[in-house]
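S.K.: Protein sequences, first through last, are from chains X and A. Each residue of the first sequence is one higher than the last, beginning at 14 in our numbering. Each residue of the second sequence is one higher than the last, beginning at 228 in our numbering. Quick reminder that beta carbons are idealized off the backbone N, C-alpha and C, glycines included. These figures come from a predicted structure and were not determined experimentally.
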Amino acid sequence: MSNNPNNWPLWEIFIQSKRGLEHKHVGSLHAADPQMAIENARDVYTRRQEGQSIWVVPAEAISASQPDDAAMLFDPADDKTYRHPTFYTMPEGAKYI
Amino acid sequence: MTDVKNLEDLFQAKIDAEQKIEPKDWMPEKYRKNLIRQISQHAHSEVVGMLPEGNWIGRAPSLRRKAILLAKVQDEAGHGLYLYSAAETLGTSREQTIDDLLSGKAKYSSIFNYPTLSWADIGAVGWLVDGAAIMNQVMLCRTSYGPYARAMVRICKEESFHQRQGYEIMAVLAQGTPEQKEMAQDALNRWWWPSLMMFGPTDANSPHSAESMKWKIKRQSNDELRQTFIDRTVQQAEVIGLSIPDPDLKWNEATQHYDWGAIDWAEFNNVVAGNGPCNKERLTARNKAHDEGAWVREAALAHAAKKAKKKQAA
Numbered sequence: 014m015s016n017n018p019n020n021w022p023l024w025e026i027f028i029q030s031k032r033g034l035e036h037k038h039v040g041s042l043h044a045a046d047p048q049m050a051i052e053n054a055r056d057v058y059t060r061r062q063e064g065q066s067i068w069v070v071p072a073e074a075i076s077a078s079q080p081d082d083a084a085m086l087f088d089p090a091d092d093k094t095y096r097h098p099t100f101y102t103m104p105e106g107a108k109y110i
Numbered sequence: 228m229t230d231v232k233n234l235e236d237l238f239q240a241k242i243d244a245e246q247k248i249e250p251k252d253w254m255p256e257k258y259r260k261n262l263i264r265q266i267s268q269h270a271h272s273e274v275v276g277m278l279p280e281g282n283w284i285g286r287a288p289s290l291r292r293k294a295i296l297l298a299k300v301q302d303e304a305g306h307g308l309y310l311y312s313a314a315e316t317l318g319t320s321r322e323q324t325i326d327d328l329l330s331g332k333a334k335y336s337s338i339f340n341y342p343t344l345s346w347a348d349i350g351a352v353g354w355l356v357d358g359a360a361i362m363n364q365v366m367l368c369r370t371s372y373g374p375y376a377r378a379m380v381r382i383c384k385e386e387s388f389h390q391r392q393g394y395e396i397m398a399v400l401a402q403g404t405p406e407q408k409e410m411a412q413d414a415l416n417r418w419w420w421p422s423l424m425m426f427g428p429t430d431a432n433s434p435h436s437a438e439s440m441k442w443k444i445k446r447q448s449n450d451e452l453r454q455t456f457i458d459r460t461v462q463q464a465e466v467i468g469l470s471i472p473d474p475d476l477k478w479n480e481a482t483q484h485y486d487w488g489a490i491d492w493a494e495f496n497n498v499v500a501g502n503g504p505c506n507k508e509r510l511t512a513r514n515k516a517h518d519e520g521a522w523v524r525e526a527a528l529a530h531a532a533k534k535a536k537k538k539q540a541a
């Protein structure tokens, strides 16, 4: 990564395609400030009505889990099938449950 | 401790199991380097690819054609940006990548070193050049590196109109006056062979191919893609009454493919080496645009600093 202060910083871009849906990560771009990042994101990521709202986040503000930690983080959920409704046996004939 | 051999085995196992590699995953240095080279070359091709078409925006024959061409060139700028940001996830800086293009160190697709002499060339570029690029890009939607694959999916969705608008231009010209038809045929004659060269050297002479296939960066060989392109395009030329400039072109019942003539690889190597008709013009144009845009980059930073200061004071 370049630390040259004359370069525009990197922003991660999230687009909401429709009211009521989540903002989804679509990629990144460089811009001098958040407002210009939004304007650039409009041109780069919504040329075909892909969005109705844009979030921009400084890339350096994102912390991420490490791939090596995946097992430690996510394996504990593997043996807890009782968290799903299909785990339970319902008595024959019971309705609306 | 896991040693590198072990890590490489795990990496290959992931690839073989069709799992995507993501930026933070361990990867062999050579995989990273290959990808940086390929993705940045691809990005540079999108950016330089704007130049031969930009040449005709001001002279498009109708407002409809002009709006379409503008949208297409705008898409290419966007595609360059998607790809630059995918390359950046591999740890390169945008600045370095752009510098490598401007200094002539990095390569871009040689096809853009040919000139667009007539309006029909815009048709031929869309139909043949974008057509060939799409063959390659559809394959790359399934490439093993996640950010590259995701960029390609977006690009492919947007590119399909690029090829169709080009074929439409050719079809309209081919049905026009004899002069217009001749113009279309002339463009096809000049763009056909360079388009076939876009798929790269033959499999036997392709230096990066074996490794790229093993790592599923590529999934089909240059020769396979080239053959599919020929088979499809010959039929499209027939439909609009133009002829492919290859006296050896012949349907082969046994293989169910077209046989075709020899590519002039000396020409290909010459253009790659920097001696094509427009190599110098393209690089000069990119450098000029970069230099003349310097004040915009500086002004944006100054504006951002001023706004941040105001916000702090408030």
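Nearest to A:K445 by CA position, among A:R513, A:V365, A:W418 and A:N282, is which residue?
M.R.: When only C-alpha atoms are compared, the closest one is A:V365.
S.K.: Start and end of the alpha helix (DSSP H) containing A:K332?
M.R.: No alpha helix (DSSP H) holds A:K332; DSSP gives it neither H nor E.
S.K.: Interface residues of chain X around A:D326 at Cβ under 9 Å?
M.R.: Within chain X, no C-beta atom comes nearer than 9 Å to that of A:D326; the closest sits roughly 10 Å away.
S.K.: I'd like the list of long-range same chain contacts for A:I248, defined as Cβ closer than 8 Å, with 5 residues on each side in sequence excluded.
M.R.: F238, K241, I242, M254, Y258, S371, Y372 and G373
S.K.: By Cβ distance below 8 Å, which residues in the same chain neighbour X:F27 in space, the five residues on each side in sequence not counted?
M.R.: H36, K37, H38, V39, I67, W68, V69 and V70
S.K.: Can you pull the DSSP bridge partners for A:N479?
M.R.: A:H484
S.K.: Establish whether the CB of X:D46 and some CB of chain A are separated by less than 8 Å.
M.R.: yes
S.K.: Starting from the Cα of A:N261, find the closest Cα among A:E438, A:N432 and A:Y311 and give me that residue.
M.R.: Of the candidates A:E438, A:N432 and A:Y311, the one whose C-alpha sits nearest the C-alpha of A:N261 is A:E438.
S.K.: Select from A:S470, A:A313 and A:K533 the residue whose C-alpha is nearest the C-alpha of A:K408.
M.R.: A:S470
S.K.: Within 8 Å of any Cβ in chain X, is that where the Cβ of A:H530 sits?
M.R.: yes
S.K.: What three-state label does DSSP hand X:M14 in the structure shown?
M.R.: For X:M14, the pLDDT reaches just 48, beneath the cut-off of 50, and the residue's location in the model is therefore unreliable, although a value from the coordinates is still provided. Residue state, collapsed to three classes: coil.
S.K.: Would A:R391 count as contacting chain X if we go by Cβ distances under 8 Å?
M.R.: Closer than 8 Å: no.
S.K.: Is there a Cβ of chain X sitting closer than 8 Å to that of A:Y309, yes or no?
M.R.: yes
S.K.: List the residues of chain A whose Cβ lies closer than 7 Å to the Cβ of X:L42, in chain order.
M.R.: Counting only Cβ-Cβ distances below 7 Å, X:L42 has contacts in chain A at L308 and S312, in chain order.
S.K.: Use the C-beta contact count for A:H306: other C-beta atoms within 10 angstroms, 16 or more gives buried, fewer gives exposed.
M.R.: buried
S.K.: Would you call the CB atoms of X:W21 and A:A527 closer than 8 Å?
M.R.: yes
S.K.: Quick one, which residues of the stretch 280-305 of chain A are near chain X if we go by CB-CB under 9 Å, in chain order?
M.R.: Only A298, Q301, D302, A304 and G305 from the stretch 280-305 of chain A bring a Cβ to less than 9 Å from some Cβ of chain X.
S.K.: On a Cα-Cα basis, can you pick out the residue from A:A304, A:E525 and A:A540 that is closest to X:N17?
M.R.: With distances taken between Cα atoms, X:N17 lies closest to A:E525.
S.K.: Under the DSSP definition of a beta bridge, which residues are partnered with A:S267?
M.R.: Beta bridge pairing from DSSP links A:S267 with no other residue.
S.K.: Buried or exposed: A:V231, going by 16 or more other Cβ atoms within 10 Å of its Cβ?
M.R.: exposed
S.K.: For X:D91, is the classification buried or exposed, using 16 other Cβ atoms within 10 angstroms of its Cβ as the cut-off for buried?
M.R.: exposed
S.K.: Enumerate in chain order the residues of its own chain whose CB-to-CB distance from A:K334 is below 8 Å, with the five nearest sequence positions on each side excluded.
M.R.: Q268, H271 and V499
S.K.: If you draw a straight line from the alpha carbon of A:R459 to that of A:H435, how long is it in whole angstroms?
M.R.: Approximately 26 Å between the Cα atoms of the pair.
S.K.: Which residues, in order along the stretch 76-87 of chain X, keep a beta-carbon less than 7 Å from a beta-carbon of chain A?
M.R.: Those residues of the stretch 76-87 of chain X that come within reach of chain A (Cβ to Cβ, closer than 7 Å) are A77, Q79 and P80.
S.K.: Tell me the DSSP secondary structure of X:K37 in three-state form.
M.R.: strand
S.K.: If you draw a straight line from the alpha carbon of A:H484 to that of A:D473, how long is it in whole angstroms?
M.R.: 15 Å
S.K.: On the three-state DSSP scale, how would you describe A:Y341?
M.R.: coil
S.K.: Determine the closest residue to A:A493 out of A:L355, A:V461, A:L510 and A:G427, with distance taken between C-alpha atoms.
M.R.: A:G427
S.K.: Following the continuous alpha helix (DSSP H) through A:F238, name the residue where it begins and the one where it ends.
M.R.: V231 to D243
S.K.: Can you tell me where the alpha helix (DSSP H) holding A:W420 begins and where it ends?
M.R.: P405 to M424
S.K.: In whole angstroms, what is the alpha-carbon distance linking A:D187 and A:M397?
M.R.: This structure cannot settle anything about residue 187 of chain A, because the visible part of chain A is limited to 228 through 541.
S.K.: Strictly below 8 Å CB to CB, what residues from chain X border A:K251?
M.R.: Under the 8 Å cutoff, chain X gives A77, Q79 and P80.
S.K.: Is there a C-beta anywhere in chain A that falls below 8 Å from the one on X:R55?
M.R.: no
S.K.: Tell me the rounded alpha-carbon separation between A:H530 and A:G318.
M.R.: 28 Å
S.K.: At a CB-CB cut-off below 8 Å, which residues of chain A make contact with X:W21?
M.R.: R524, A527 and L528
S.K.: Cβ of A:R391 within 8 Å of Cβ of A:Y309?
M.R.: With respect to the 8 Å criterion, A:R391 and A:Y309 are not classified as neighbours on the basis of their beta carbons.
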